[in-house]
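Here this note's numbering is used: the first residue of the sequence shown is 85, the next is one more, and so on. See below for the structure under consideration.
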Amino acid sequence: MERTLISDTPKKVGEPVRLEGWVNTVRDHGKITFLDLRDRTGIVQCVGTALPKVSPESVVEIAGKVTRRPEKLINPNLETGKIEIQIENLKVISPAAELPFDMGQEDLNLDLPILLDYRSLTLRHKKQQAIFKVQAVIIEAFRDALRKKDFIEFQAPSIISAVPEGGAEVFKVDYFDHDAYLSQSPQLYKSLLVGIFERVFSVNQIFRAEPSVTTRHLTEVTSLDAEFGFIDSWKDVIEMEEYVVRYIFSEVEKKCAKELSLFNATLPKLPDQIPLLKLKEAQEIIYKRTGRDVRTEKDLAPEDEREICKWSLEEKGSDLIFISHFVTKKKPFYVYPDPEDPTYAFSVDLLGRGVEWSSGGQRLNDYKTILEHVKEWGLKEKDIELYLQSFRYGVPPLGGFALGAERVTMHILGLKNIREASIFPRDMERIDVRLSTLSEKESS
Ligand code: ATP
Ligand code: MG
85 MERTLISDTP KKVGEPVRLE GWVNTVRDHG KITFLDLRDR TGIVQCVGTA
135 LPKVSPESVV EIAGKVTRRP EKLINPNLET GKIEIQIENL KVISPAAELP
185 FDMGQEDLNL DLPILLDYRS LTLRHKKQQA IFKVQAVIIE AFRDALRKKD
235 FIEFQAPSII SAVPEGGAEV FKVDYFDHDA YLSQSPQLYK SLLVGIFERV
285 FSVNQIFRAE PSVTTRHLTE VTSLDAEFGF IDSWKDVIEM EEYVVRYIFS
335 EVEKKCAKEL SLFNATLPKL PDQIPLLKLK EAQEIIYKRT GRDVRTEKDL
385 APEDEREICK WSLEEKGSDL IFISHFVTKK KPFYVYPDPE DPTYAFSVDL
435 LGRGVEWSSG GQRLNDYKTI LEHVKEWGLK EKDIELYLQS FRYGVPPLGG
485 FALGAERVTM HILGLKNIRE ASIFPRDMER IDVRLSTLSE KESS
């Protein structure tokens, strides 16, 4: 008999079915056993007598019949709550060892290290799965939004030969007899490709040797990058980014209602237009609200980001806010200084719910000015030869942005730690397993 998916069982009342999946929970009531079966489409209650012993999370095959539940036993919280499966035969396909903790609870309630130490197991929990279903929708929506605007996807390389954007947070790798690095960003490639395709985007892993453990930094990040040419001004970049972010929210709203409700999450609140402040204006507001004089700082500290987001929500009804005009010299060489005051650049961050979600802006496209910046920033031309080659032969005015997929996921769902929004997170203490336990094993 063909396999029936759990989501199809309510349509098959009275019919025989063959189900396959994992045992979500087992409740043994003496002779009669209740077993919740889970597959990729949902969960259904199965009932049987004289069943073989089966442990939670085992993979099983169940042959049985779909029956309507008595009125008072209907479970309104379950999509299959009006029916159950009368088990005729249960076969264990792949037994599960004894679980280290109860996986049958609504919330796993595990400390983060345990949640990650048992990743293959904990990801089976429906709330953990929900995070990555939402993330998949976010990433697909990013792609879809840009494809609709005629952007083409490209694959950015991860191995690079030099680090023109500043080398402090970079991983060095052995590359035959040479030094090479793991890419911190596809920035240079996406910009040079504007000279070819006009509009490009990429979804790829970037690497940051973040030297501290925080709730918002990983060492491997999924970067959602977009870049496009023939812009009239840096405002075109903001407009495109706002379109993309709204598109992502509407897709998540349409496709992830169940997942959002598991987390009691509401999508970020947005007015007709996302507010936009210059760095200086933001600093002035922070000073007025808190008395902390940040007006001469060259960037926003994490507490400043939180404060300006609070202002944005209270005063503008917006969970998101754009901050522009960061200090030119604090940005990479390709930033476009504002001609009215070149100390500040046409660079833009998007902040959401207290944290930076993206950085972007207009980039230089004039070859001579790029060369001047390269000198001023103390870089070697040979390190970015391919990039310079592109601009030597003509590239239109351009700009773009990069959103961190984990940051967006985390703040849409209200997760406390970015590690929860990365399916296999890496940080300075973990590459799948805790690095401390690795070195213990090696030395023992
Ligand atoms: P922050 O100041 O928050 O550390 P950043 O300014 O160094 O971030 P960018 O270089 O601007 O980061 O990268 C673009 C986006 O990529 C960020 O806005 C963020 O969403 C994401 N991102 C960058 N580094 C990390 C990281 N280590 N962990 C998670 N996400 C990151
Ligand atoms: Mg940034």
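Heads up, the beta-carbon is just placed ideally off N, CA and C, and yes, glycines get one too. Remember, it's a predicted structure, so these values are computed and weren't measured experimentally.
Are there 16 or more other CB atoms within 10 angstroms of the CB of residue i, so buried, or fewer, so exposed?
| i | result |
| --- | --- |
| L196 | exposed |
| P481 | buried |
| V492 | buried |
| L363 | buried |
| E343 | buried |
| R437 | buried |
| L174 | buried |
| P270 | buried |
| T521 | exposed |
| E114 | Here residue 114 turns out to be Gly, not Glu, going by the sequence shown. By the neighbour-count rule (16 or more Cβ atoms within 10 Å), G114 is not buried but exposed. |
Rounded to whole angstroms, what is the Cα-Cα separation between residue i and residue j?
| i | j | result |
| --- | --- | --- |
| V321 | V284 | 13 Å |
| R331 | Y420 | According to the sequence displayed, residue 331 carries Tyr and not Arg. Rounded to the nearest angstrom, the two C-alpha atoms are 27 Å apart. |
| S528 | S506 | With a pLDDT of only 47 at S528, under the threshold of 50, the placement of this residue in the model should not be trusted, and no figure is reported. |
| L397 | P355 | 10 Å |
| E99 | G148 | 9 Å |
| K466 | L361 | 37 Å |
| E141 | K166 | 24 Å |
| K217 | E504 | 13 Å |
| I496 | V278 | 31 Å |
| T206 | Y327 | 35 Å |
| K210 | E86 | 25 Å |
Would you say residue i and residue j are within 8 Å of each other, going by their C-beta atoms?
| i | j | result |
| --- | --- | --- |
| I169 | T93 | yes |
| T374 | E391 | yes |
| V131 | I146 | no |
| G296 | A240 | Per the sequence shown, residue 296 should be read as Ser rather than Gly. Not in contact: S296 and A240 (Cβ atoms no closer than 8 Å). |
| E104 | D120 | no |
| I369 | R376 | no |
| W441 | L448 | no |
| V247 | A293 | no |
| G188 | E163 | no |
| E484 | D309 | Reading the sequence as shown, one finds Gly at residue 484 and not Glu. Contact flag set, yes. |
| I244 | A264 | yes |
| V150 | V107 | no |
| L194 | I502 | no |
| V221 | V336 | yes |
Starting from residue i, trace the alpha helix (DSSP H) both ways and give me its first and last residue.
| i | result |
| --- | --- |
| L200 | 196-201 |
| F281 | 271-281 |
| Q213 | 210-232 |
Grab the span of the beta strand (DSSP E) containing residue i for me, first residue to last.
| i | result |
| --- | --- |
| Y259 | 256-259 |
| L434 | 431-436 |
| Q446 | 439-447 |
Indicate, with yes or no, if ligand 3 has a heavy atom lying under 7 Å from the CB of residue i.
| i | result |
| --- | --- |
| S443 | Ligand 3 is not part of the structure shown, which contains ligand 1 and ligand 2 as its ligands. |
Flag residue i as yes if its beta-carbon sits less than 8 Å from any beta-carbon of chain D, otherwise no.
| i | result |
| --- | --- |
| R437 | Protein chain content of the structure displayed is limited to a single chain, and chain D is not contained in it. |
Do the region 343-360 and the region 509-523 meet, that is, are 3 or more Cβ pairs less than 8 Å apart?
no
Under 8 Å: do the region 394-410 and the region 243-259 share three or more Cβ pairs, one atom per stretch?
no
Determine, using beta-carbon pairs with one atom in the region 457-464 and one in the region 262-281, whether at least three such pairs fall under 8 Å.
no
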